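*Asks:*
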Ligand SMILES: [Zn+2]
Ligand SMILES: [Zn+2]
């Protein structure tokens, strides 16, 4: 790094102090995340499920459950990752999107590109236009943009749209979630994705139902295959009903 770059970096740090992309605490220029988050953040280790991307101990899926080929995620949706995803969703934190987007691009390289999968285009799970107007940005699209830049594949930001403003998935039961997403997405111009292998990006995989519905819509419109990547996946210990059953607490 040249002298001028170093001066520029010092200047921008003084004006915009670097913050931890997960919790927002101030960090030094040599740190990516703060020390507390680096203790709390949980990366997914092998063995992982080759369908849903969860650690194997937490996978309940079977072949044929999903229309997409695979999902992969770098992080378990616990403590620090949860905090960071919340920041990204509600605090418009561009550096959090870049942090998660780069981790996602890394796992796309090792799990997909290195095993010969060719990605033709990158798509983010869309938001309904009214929700977009309220929030001002779509975090899934921002993640998709970073991933697309990192793996040097084109980003198609208008190829998949959300035409129905449904209820938020996290407020619903498993069965309700499936009904809630049916038919809410649409491909306005199928020639944009016909014959293409799509990489679909989102922030969190919980049930996988939203990713699945997007994949069904893309495949119906002629996509060749859909691969998914999300910043984090929820695991069993984070699902209260399963936890209760396992420990017999009855709540
Ligand atoms: Zn932190
Ligand atoms: Zn699985």
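Numbering (the working numbering), first residue to last: 249 to 499. Virtual Cβ for every residue (Gly too), placed ideally from N, Cα, C. Just so we're clear, the structure is a prediction, and the values are computed from it rather than from any experiment.
Would you grab the beta carbon distance between residue 459 and residue 354 for me? Rounded to a whole angstrom, and I think it's under 8 Å.
*Replies:* Wrong, their Cβ atoms sit about 19 Å apart, outside the cutoff.
*Asks:* When DSSP labels each residue in this structure, what does residue 276 get in the three-state scheme?
*Replies:* coil
*Asks:* Quick one, are the C-beta atoms of residue 329 and residue 480 less than 8 Å apart?
*Replies:* In this structure, the beta-carbon distance from residue 329 to residue 480 falls below 8 Å.
*Asks:* Assuming residue 472 contacts residue 453 (C-beta within less than 8 Å), just tell me the rounded distance between them.
*Replies:* Their Cβ separation, rounded to whole angstroms, is 22 Å, which puts residue 472 and residue 453 out of contact at 8 Å.
*Asks:* Residues around ligand 1, please: the ones whose beta-carbon is closer than 6 Å to some heavy atom of it, in chain order.
*Replies:* 268, 270, 271, 273, 281, 282, 284, 285
*Asks:* Across which residues does DSSP place residue 347 in a beta bridge pair?
*Replies:* None; residue 347 has no bridge partner.
*Asks:* Starting from the N-terminal end, write out each residue whose C-beta falls within a distance shorter than 6 Å of any non-hydrogen atom of ligand 2.
*Replies:* 297, 299, 300, 302, 307, 309
*Asks:* Kindly indicate the opening and closing residues of the alpha helix (DSSP H) around residue 297.
*Replies:* Per DSSP, residue 297 belongs to no alpha helix (DSSP H) and is neither H nor E.
*Asks:* Can you give the beta carbon distance from residue 365 to residue 475, rounded, assuming they're within the 8 Å contact cut?
*Replies:* 6 Å
*Asks:* If you follow the alpha helix (DSSP H) that residue 460 is in, where does it begin and where does it stop?
*Replies:* It spans 457 to 468 - the alpha helix (DSSP H) in which residue 460 sits, taken as one unbroken run.
*Asks:* Per DSSP, which one or two residues make a beta bridge with residue 410?
*Replies:* 376, 433
*Asks:* For residue 475, which beta-bridge partners are listed by DSSP?
*Replies:* In the DSSP assignment, residue 475 is bridged to 318, 447.
*Asks:* Do the segment 301 to 320 and the segment 422 to 434 touch if we need at least three Cβ pairs shorter than 8 Å?
*Replies:* no
*Asks:* Which value, in whole angstroms, describes the spacing of the CA atoms of residue 287 and residue 368?
*Replies:* 37 Å
*Asks:* Less than 8 Å separating the beta-carbons of residue 478 and residue 450?
*Replies:* Yes, Cβ-Cβ distance for residue 478 and residue 450 is below 8 Å.
*Asks:* With the cut-off set at 8 Å, would you say residue 441 and residue 401 are in Cβ contact?
*Replies:* Result no, Cβ atoms of residue 441 and residue 401 do not sit closer than 8 Å.
*Asks:* In its own chain, which residues sit with a C-beta less than 7 Å from the C-beta of residue 385, not counting the 5 before and 5 after it?
*Replies:* 340
*Asks:* Does residue 493 come out as helix, strand or coil in the three-state DSSP assignment?
*Replies:* For residue 493, the predicted model reports a pLDDT of 40, less than 50, meaning its position is unreliable and no value from the coordinates is stated.
*Asks:* Leaving out the 5 sequence neighbours to the left and right, which residues in its chain are closer than 8 Å to residue 412 when beta-carbon positions are compared?
*Replies:* 376, 431, 432
*Asks:* Give every residue of the same chain whose Cβ lies closer than 6 Å to the Cβ of residue 482, excluding the five residues on either side of it in the sequence, and list them in chain order.
*Replies:* 325, 454
*Asks:* So residue 311 and residue 299 are supposed to be a Cβ contact under 8 Å. How far apart are they, rounded?
*Replies:* 7 Å
*Asks:* Tell me, which residues are paired with residue 291 by DSSP?
*Replies:* 323
*Asks:* Quick one: give me the first and last residue of the alpha helix (DSSP H) that residue 399 is part of.
*Replies:* Counting along the chain, the alpha helix (DSSP H) containing residue 399 begins and ends at 387 to 399.
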